[in-house]
Structures are given as C-alpha cells and as structure tokens.
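Let me begin by presenting the structure, written as structure tokens, before commenting on it.
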Amino acid sequence: MTAVLEVEDLAVSFPSRGKPVRAVDELSLSLEAGETLGLVGESGSGKTVTALAALGLLPRSSRVRGRILFDGRDLLTLPEREWRRVRGNRISMVFQDPMTSLNPLLTIGRQLEEVFECHRSLPRRQARTASIAALGEVGLPRPEARMDAYPHELSGGMRQRVLIAMALACRPSVLFADEPTTALDVTIQAQILDLLGRMQRESAMAVVLITHDLGVVASSCDRVHVLYAGRSMETARTDPLFAAPMHPYTSGLLRSVPRLDDPRDQPLPTIAGHPAVADGRREGCPFEPRCPHAALPCRTDPIPLVALPGGRASACSRPDALRELEARGTR
Amino acid sequence: MSTPLLEVRDLAKHFPSRGGQADVQAVDGVSFDLRAGESLGLVGESGCGKSTLARTILGLEAPSRGTVHFDGQSLGELSRKSWKAIRRRMQVVFQDPFASLDPRQSVLSILTEPLVIHGLFKPRERRLRALALLDAVGLGAQHLHRFPHEFSGGQRQRIGIARALALEPELLVCDEPLSALDVSIQAQIVNLFVELRQRFGLAYLFIAHDLAVVRKLCDRVAVMYLGRIVEIAESEDLYAEPGHPYTRALFSAIPVPDPRAPRPRAAGLRGEVADPRERPTGCAFHPRCPRAEEVPEARCRREGPALLPRRMNANGPARTMACHLAPAGQAER
Numbered sequence: 000m001t002a003v004l005e006v007e008d009l010a011v012s013f014p015s016r017g018k019p020v021r022a023v024d025e026l027s028l029s030l031e032a033g034e035t036l037g038l039v040g041e042s043g044s045g046k047t048v049t050a051l052a053a054l055g056l057l058p059r060s061s062r063v064r065g066r067i068l069f070d071g072r073d074l075l076t077l078p079e080r081e082w083r084r085v086r087g088n089r090i091s092m093v094f095q096d097p098m099t100s101l102n103p104l105l106t107i108g109r110q111l112e113e114v115f116e117c118h119r120s121l122p123r124r125q126a127r128t129a130s131i132a133a134l135g136e137v138g139l140p141r142p143e144a145r146m147d148a149y150p151h152e153l154s155g156g157m158r159q160r161v162l163i164a165m166a167l168a169c170r171p172s173v174l175f176a177d178e179p180t181t182a183l184d185v186t187i188q189a190q191i192l193d194l195l196g197r198m199q200r201e202s203a204m205a206v207v208l209i210t211h212d213l214g215v216v217a218s219s220c221d222r223v224h225v226l227y228a229g230r231s232m233e234t235a236r237t238d239p240l241f242a243a244p245m246h247p248y249t250s251g252l253l254r255s256v257p258r259l260d261d262p263r264d265q266p267l268p269t270i271a272g273h274p275a276v277a278d279g280r281r282e283g284c285p286f287e288p289r290c291p292h293a294a295l296p297c298r299t300d301p302i303p304l305v306a307l308p309g310g311r312a313s314a315c316s317r318p319d320a321l322r323e324l325e326a327r328g329t330r
Numbered sequence: 000m001s002t003p004l005l006e007v008r009d010l011a012k013h014f015p016s017r018g019g020q021a022d023v024q025a026v027d028g029v030s031f032d033l034r035a036g037e038s039l040g041l042v043g044e045s046g047c048g049k050s051t052l053a054r055t056i057l058g059l060e061a062p063s064r065g066t067v068h069f070d071g072q073s074l075g076e077l078s079r080k081s082w083k084a085i086r087r088r089m090q091v092v093f094q095d096p097f098a099s100l101d102p103r104q105s106v107l108s109i110l111t112e113p114l115v116i117h118g119l120f121k122p123r124e125r126r127l128r129a130l131a132l133l134d135a136v137g138l139g140a141q142h143l144h145r146f147p148h149e150f151s152g153g154q155r156q157r158i159g160i161a162r163a164l165a166l167e168p169e170l171l172v173c174d175e176p177l178s179a180l181d182v183s184i185q186a187q188i189v190n191l192f193v194e195l196r197q198r199f200g201l202a203y204l205f206i207a208h209d210l211a212v213v214r215k216l217c218d219r220v221a222v223m224y225l226g227r228i229v230e231i232a233e234s235e236d237l238y239a240e241p242g243h244p245y246t247r248a249l250f251s252a253i254p255v256p257d258p259r260a261p262r263p264r265a266a267g268l269r270g271e272v273a274d275p276r277e278r279p280t281g282c283a284f285h286p287r288c289p290r291a292e293e294v295p296e297a298r299c300r301r302e303g304p305a306l307l308p309r310r311m312n313a314n315g316p317a318r319t320m321a322c323h324l325a326p327a328g329q330a331e332r
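Sequence order for the protein chains is A and B. The opening position of the first sequence corresponds to residue 0 in numbering that gives the first Met the number 0, with each subsequent residue numbered one higher. The opening position of the second sequence corresponds to residue 0 in numbering that gives the first Met the number 0, with each subsequent residue numbered one higher.
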C-alpha cells in the first residue's frame, strides 16, 4: 500500500513568555488510502495541533518544522493560494464542536453551496442541487427543506451531519475528524460513527480520527497512534494494541478506563500524577514523572519510536518494562 | 421503615419560552427516594433534565410542581434560615472545575468560607480543618496558599470536592463531576468518590452520562428521558439486563474499549432526541422506540405509561419502568 499522507518529523511550537511551547515534537506518521488511523491522547497531547498543521490552519505565530507529504508535495511549503485548492477539497476536517463551527448568520444551504462553488466552480443552481444531494447522503431528513434552515434551528447531531456533508462534499482523499462525536450523546454518536464509516468505504478515503475515547478507537480505528505531551508513545494496529500495549502510558490508559464488566468493588487502576504540560523540556521521556517503570536514563535519554515485531513501534526502551507489559497484556 | 433522606414526589420544572411557544418541560413529574448513605445514579442524554432535576432538589430552581423532602422536612416551605441549616447537610460538586472555583480565592479561603458562613469552628481551628479536608481528597499542606489557576483540572476537582465536604454533609449532589477531566484523571476521582463515601457514610445523587462510572459508584440507577424517569433499578440488575427499550438502546450505543466487542449500534433507534418544547404525546420515547409498534392500538402514542413495577417478558427482569410493552403489577418487588 502507498501512503496518501506522510508526516515526517513534525514539530510545532508556539512562542510564550518563557521558552517556546512545543505542542508537537518529532511526530511521524503515515496514512494509507481507506484506513482509519486513531490519534489518541489527553488534552494537550498535540492531537489537534497535528491536524491543524496538516490543513495549514496553524496561527502565523507558530513555528513548524518537518514535512507533510501529500500528492508528491510538501504541504508545509505551499503558499496560501495553493492551500485553498487543497483544504476542504482534497484534505478536509470535521471539527469537534458542531455548535460553533457553522456560521450562525448563513443558512446551511448557503454554507454548503459555497463548497461546491469554490472547489467545483459550479453555478449557483447546480451547487444547490449538489448540496441537497449531499445533505441526503448524510441522512438528514427532508434535505430540501433543511437547506433554508439556520444552524440554530438544528440539533447537535444534525449540525454534525451538515459539517460532515461539507467536509465530504468534494470527496477528499484525507479527512481529519477532530473529536467528531465528543459533543454528542451516545445514541447519536453511534449514528455519526456509522455514517463516517459508510462514507469512507464508499470512497476509499483515509480518516484520521482524533479522540480521547478508547471505546471509539476500539470500534472505529484500524491503527492507533498514542500521543503524550506532543510526542509519539506507541503505534500499532488496533487489535494488538488493546490486547497487549507495549508502552507504560498506553497500558495505564487502557487499564484506567472503567468497563461495564470489571469488578465493582475494586478500585480502578490509575496513572499517578497529572497530565504533562508541553513545556519546552526536551530531554528524556515526558511520561517519566508518572511512569511506574521509570529509571534514571528515562529522564535524559532521547525517546525515538523503536520498531517492534508485528509492525508496531514503542517509544519506551526499558527492556524490563516491555517484558512485563508483554507478559501481562491488558489486565 | 425509616424516613428516606431525600424524598422527591412528582417534581416538575418548566421554563417559560419566549414568543408564545410552549414551555420547556425540563423536568416533568419525577419521583424517587434516596436513603441515608445510599448512592443513586442519574443517567440520560443531554437535555433529559438531569441537571435541572439536581438544581431543583438543591433549591437553586423553584419547582413548578411537586415536593422535595429532606429528612422529612418539606423544602418548599422552608424559611431562609432553615434552608441554611439544610444546605449544611446537602452539598454539591459541579461539573466544571475551571468555572466553579473563584480564581481570586486561595485554597485556604475556598475551604474555610463555608465554615465562616455557618459559624463553625473557632477561627484558629479552621485552618486545621482545611488541612484535614485537603488530606481527605489527596492534596497536602503545600497546596493551602495556592490559587485555582496553579492546579490541573483533576486537582481543582479535588478542591471542589473538599469544599463540598467542609460542612460534613450527609448528601452530596454530583453533577457530571468527571466529564471535564482527562481519562487518566477520571479513574483517580472515581476512586476518591468511592473512598469518601465509605469513610464519611455519604449519600450520593450522582449525575453522569458514563454508564461504566455509574456502575462503579452507585447502588441504584435511574434512567431519564425527556424530563421523566423511564427506569429505576438496582445497579446489579440494570447492568445484568437493561429493561426499558431506551435503556437498552443506551447500553448498546456505548463503545466498549475492546476491539473484539460488538460495534456500538444505534440499536434501531431512529432520529434524534426530541425537543423538550415539543414533547411527543404519550410515551415521549415512542417516535424513536424500536418496539413501539408491538404495542396494539398505537397506545404508546396516545397514552403515557406510568412508572411501575413491571416485567418485560415471562422470564425477564422485574423492573420499575415506564413502558406499555410490559404489563404492570407482575413484579415481585
């Protein structure tokens, strides 16, 4: 398989009063056509910044290094004019909050027509027909009547459908979905994930699903990339990752999620401490202060992703930790 | 039987709408009891009225109808002074630890303010009390003089919990206290809630949408849909087999963190949660219910089912639920 999108050594930092904040550091990933890659991590782990970098939406003040290869070009070198042909057309994004990512002053029909007018140069009437079809595809009831509705007249689930219709209007090769269901209720979440999966199968689109919900990852992703404080901790296919995580952070995260079938009267396993802040510290492993396997070298040594058997990779190089994790599995 | 700690009867809260539209019936006839030391989970999707129900019980909203009794006293008839005495016994932990602490108050001041208001402890002893509270929630003396912005989300929620414990309440109303926290921190706070309940014999009214968390923390669970309780059961029974079609849909829609598990399904659930301004006739769930057609004569559309002990099928669980599919009065308890 060939990769449709490749991120190589991406580093994004933001100026702050002290040292610059490194939101993402040494991140590499590749995305194949038709697959769903989960980007997993807690707040501040760099998930959203990675997506914004791949869409050329980072604020001007940010400093970006590395390469993002798409269609034989490095997206990070594109001038803004070129970006406009790619963004929303070949690479799209669905944002987390369906309440704030639509323009409240325009009807949803108008906002959808714009996509077709900009990227497909369709005249208004054809853009309208195409928009109605797009709304129908995402399962919005009575799409023609909804065209004249304003965002506030729709429920959260319906707004998210509209955003998905906009993002998929031009049949992009890559879709970044940033916590697309976090603001929605579980029964609606299941409907939206079904919809994304169906649209993806129809067009061999690659999806980067950004989420903190390990249940969503388990049910929707082919591969997973676990981030912590802007760094890659582990990457693997979904099944082996959940069966036997090979990084202490992944292991801790999986064990700390309450499940419907675990013993009620035992305390949940936890990860000590609180999430690291991407504070510009470069040496060593960012998870070291919370890691049950930490040793002295973890504070200072670099933590490259090291390949492991089965096409996976882990940034943890403590052999004893890995042996223990391998022996234990998830629980 | 002794008086329940909290007795809620036919409680309703309607908010007026502008422009002559129908009122928003956020809570519409909710009844339940909570015994001392018991933990009751309140689950349901956004807009089902769980937070409004909590706020009405706490006296932060005036009920449109119905009554709340705390330890036998009707809260609707209380004077300001008696309310103050009740508030000492009934405290709240809010969802957002970033918005529910005053950024200008130090931790010491946050934790001693309730003591000052209620005139508890001598001034010099209040500091010691604050230290004991910090210790109970896993923080220490080094945190006493810091301000909220110096803490992470999980630590702030610990401070919010310590504040709620300051007056040694009997009931803690917790309104989604975990949903603003990161996954690795949620587990810490869940364990803290379990530990505090054992240590102080607290009763919880615990609002959450994460059913796995509620299972850890609650003895009984009430499931709400559009302002009403559709099912209420012992946790063990509910999790072994959900009864009401809505509860079933809710359970099957939860994604499980195990790739081998069945994929979450919308479980034949149609459409979206209805607008509480346009409450469907009859059973509010009927337009989405996958089984409404099994009930003859469109009864689900015409008539709202009462919350009664019922049995879903001959061998099925006996449950207190509101559903026409199950005839009433066949349950043993």
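Yeah, the Cβ is synthetic: ideal placement off N, Cα and C, and Gly gets one too.
Counting only beta-carbon atoms, is A/T299 nearer than 7 angstroms to chain B? The residue labelled residue 299 of chain A in the question sits at position 300 within the first sequence. Not closer than 7 angstroms to any Cβ of chain B, the Cβ of A/T299 fails to qualify, so no.
Taking 7 angstroms as the cut-off, decide whether the C-beta atoms of B/A25 and B/G48 are in contact. Your numbering for residue 25 of chain B matches position 26 in the second sequence. Your numbering for residue 48 of chain B matches position 49 in the second sequence. Yes, the pair counts as a contact, with Cβ atoms nearer than the cut-off.
With DSSP run on the structure shown, which of helix, strand or coil describes A/T181? Numbered from its first residue, the first sequence carries residue 181 of chain A at position 182. In the structure shown, A/T181 sits in coil (DSSP, three-state: anything other than H, G, I, E or B).
So is B/D181 in contact with chain A if we call contact Cβ pairs under 7 angstroms? Locating residue 181 of chain B in the second sequence gives position 182, where the first residue counts as 1. Interface residue, yes.
Could you tell me if A/V215 is buried or exposed, where buried requires 16 or more neighbouring beta carbons within 10 angstroms of its beta carbon? For this step, residue 215 of chain A is matched to residue 216 along the first sequence. So A/V215 ends up on the buried side.
List the residues of chain A whose Cβ lies closer than 8 angstroms to the Cβ of B/V7, in chain order. The count along the second sequence starts at 1 and reaches residue 7 of chain B at position 8. Within chain A, no residue comes near B/V7; the closest Cβ sits about 24 angstroms away, beyond 8 angstroms.
So is B/D174 in contact with chain A if we call contact Cβ pairs under 7 angstroms? Reading the second sequence from its first residue, position 175 is the one you call residue 174 of chain B. No, B/D174 lies away from the interface with chain A (no Cβ there is under 7 angstroms from its Cβ).
How long is the line joining the alpha carbons of B/S78 and B/A84, rounded to whole angstroms? By 1-based counting over the second sequence, the position of residue 78 of chain B is 79. By 1-based counting over the second sequence, the position of residue 84 of chain B is 85. When rounded, the distance between both Cα atoms is 10 angstroms.
How would you list, in chain order, the residues of chain B whose beta-carbon sits under 9 angstroms from the beta-carbon of A/R230? Stepping through the first sequence from its first residue, residue 230 of chain A is reached at position 231. What A/R230 touches in chain B: nothing, since even the nearest Cβ is about 16 angstroms away.
Just mark A/G71 as buried or exposed, buried being the case when its beta carbon has 16 or more other beta carbons within 10 Å. Along the first sequence, one-based indexing puts residue 71 of chain A at 72. It counts as exposed.
Just confirm the distance between the C-beta atoms of A/V39 and A/H224, as a whole number of angstroms; I'd bet it's less than 8 angstroms. The residue you call residue 39 of chain A lines up with position 40 of the first sequence. The residue you call residue 224 of chain A lines up with position 225 of the first sequence. Going by Cβ atoms, the distance from A/V39 to A/H224 rounds to 7 angstroms, so yes, they are a contact pair.
Give the C-beta separation of B/D257 and A/A217 to the nearest angstrom, bearing in mind that I take them to be a contact with Cβ-Cβ under 8 angstroms. For the purposes of this step, residue 257 of chain B is taken as the residue at position 258 of the second sequence. For the purposes of this step, residue 217 of chain A is taken as the residue at position 218 of the first sequence. Indeed they touch by this definition, with Cβ atoms about 6 angstroms apart.
Only counting the same chain, and skipping five residues up and downstream in sequence, which positions put a Cβ closer than 7 angstroms to that of B/T55? By 1-based counting over the second sequence, the position of residue 55 of chain B is 56. Hits under 7 angstroms: L10, K12, V26 and P62.
Among the residues of its own chain, which have a CB less than 7 angstroms from the CB of B/R276, if the five just before and after it don't count? The sequence position of residue 276 of chain B within the second sequence is 277, counting from 1. If we look at B/R276 and ignore the five residues flanking it on each side, its Cβ neighbours are S16, Q20, A21 and V23.
If we count the other Cβ atoms within 10 Å of its Cβ and call it buried at 16 or more, is B/K215 buried or exposed? What you label residue 215 of chain B is simply residue 216 of the second sequence in a count that begins at 1. Looking at its Cβ environment, which holds 16 or more other Cβ atoms inside 10 Å, B/K215 is buried.
Which residues in chain A sit within 8 angstroms of B/E271, going by Cβ to Cβ distance? Position 272 of the second sequence, counting from 1, holds the residue named residue 271 of chain B. Residues of chain A passing the Cβ test: S154, G156, M157 and I187.
Are the CB atoms of B/V42 and B/V172 nearer to each other than 7 angstroms? Here the question's residue 42 of chain B lines up with position 43 in the second sequence. Here the question's residue 172 of chain B lines up with position 173 in the second sequence. In this structure, B/V172 does not lie closer than 7 angstroms to B/V42 by Cβ.
Going along chain B, which residues have a C-beta under 7 angstroms from A/T237? Within the first sequence, residue 237 of chain A is the residue found at index 238, counting from 1. Within chain B, the residues near A/T237 are P258.
For A/S60 and A/L194, the rounded distance between their alpha carbons: On the first sequence, residue 194 of chain A is found 195 positions in, with the first residue counted as 1. On the first sequence, residue 60 of chain A is found 61 positions in, with the first residue counted as 1. In a straight line, the C-alpha of A/L194 is about 36 angstroms away from that of A/S60.
Measure the alpha-carbon distance for B/A330 versus B/Y203 and round it to whole angstroms. Here residue 330 of chain B corresponds to residue number 331 of the second sequence, with the count starting at 1. Here residue 203 of chain B corresponds to residue number 204 of the second sequence, with the count starting at 1. Only weak support exists for where B/A330 lies, its pLDDT of 44 falling under 50; the value from the coordinates is given anyway. If you take the alpha carbons of B/A330 and B/Y203, they lie about 27 angstroms apart.
Look at A/I131 and A/G156 and say whether their C-beta atoms are less than 7 angstroms apart. Residue numbering aside, residue 131 of chain A sits at position 132 when the first sequence is read from its first letter. Residue numbering aside, residue 156 of chain A sits at position 157 when the first sequence is read from its first letter. Contact flag unset, no.
Contact between the region 196-205 of chain A and the region 252-260 of chain A (3+ Cβ pairs under 8 angstroms): no
Three-way DSSP call (helix, strand, coil) for A/K46 in this model: For the purposes of this step, residue 46 of chain A is identified with residue 47 of the first sequence, where counting begins at 1. Note: A/K46 maps to helix in three-state DSSP.
C-alpha gap between A/G310 and A/T237, whole angstroms: As a working note, residue 310 of chain A is residue 311 in the first sequence. As a working note, residue 237 of chain A is residue 238 in the first sequence. Whole-angstrom Cα-Cα distance: 12 angstroms.
Taking the CB atoms as reference points, tell me whether A/Q73 and A/R66 lie closer together than 7 angstroms. Residue numbering aside, residue 73 of chain A sits at position 74 when the first sequence is read from its first letter. Residue numbering aside, residue 66 of chain A sits at position 67 when the first sequence is read from its first letter. In the sequence as presented, Gln is not what sits at residue 73 of chain A; that position holds Asp. Cβ atoms of A/D73 and A/R66: closer than 7 angstroms.
In the structure shown, what three-state DSSP assignment does A/E34 receive? Residue numbering aside, residue 34 of chain A sits at position 35 when the first sequence is read from its first letter. Three-state DSSP puts A/E34 in coil, outside helix and strand.
Boundaries of the alpha helix (DSSP H) in which B/I85 is found, first to last residue: Indexing the second sequence from 1 puts residue 85 of chain B at position 86. R79 to R88 is the span of the alpha helix (DSSP H), which, as asked, contains B/I85.
Would A/A168 and A/V137 qualify as a contact pair, given that the criterion is a beta-carbon distance under 7 angstroms? The residue given as residue 168 of chain A occupies position 169 in the first sequence. The residue given as residue 137 of chain A occupies position 138 in the first sequence. Not in contact: A/A168 and A/V137 (Cβ atoms no closer than 7 angstroms).
DSSP on B/K12, reduced to helix/strand/coil? Residue mapping note: residue 12 of chain B aligns to position 13 of the second sequence, counting from 1. DSSP places B/K12 in strand when its eight states are reduced to three.
Please go through the same chain and pick out, in chain order, the residues whose beta-carbon is closer than 6 angstroms to the beta-carbon of B/R301, but skip the five residues on each side of it. Within the second sequence, numbered from 1, the residue matching residue 301 of chain B stands at position 302. Cβ within range, chain order: G281.
For the region 12-29 of chain A, which residues have a beta carbon sitting closer than 7 angstroms to at least one beta carbon of chain B? none
Using a threshold of 7 angstroms, state whether the C-beta atoms of B/R287 and B/G303 are closer than that. Taking the second sequence and counting its residues from 1, one reaches residue 287 of chain B at position 288. Taking the second sequence and counting its residues from 1, one reaches residue 303 of chain B at position 304. No. Outside cutoff.
A/F94 (DSSP reduced to helix, strand or coil): As a first step, residue 94 of chain A must be located in the first sequence, where it is residue number 95. Coil.
Between B/G18 and B/P96, how many whole angstroms is the CB-CB distance? I'm expecting something under 8 angstroms. Numbered from its first residue, the second sequence carries residue 18 of chain B at position 19. Numbered from its first residue, the second sequence carries residue 96 of chain B at position 97. The pair is not a contact, with the Cβ atoms about 36 angstroms apart (cut-off 8 angstroms).
Using a Cβ cut-off of 8 angstroms, which residues of the region 36-69 of chain A contact any Cβ in chain B, in chain order? E41 and S42
Can you tell me whether A/N102 is buried or exposed? The criterion is at least 16 other CB atoms within 10 Å of its CB, across all chains shown. Stepping through the first sequence from its first residue, residue 102 of chain A is reached at position 103. With fewer than 16 other Cβ atoms within 10 Å, it is exposed.
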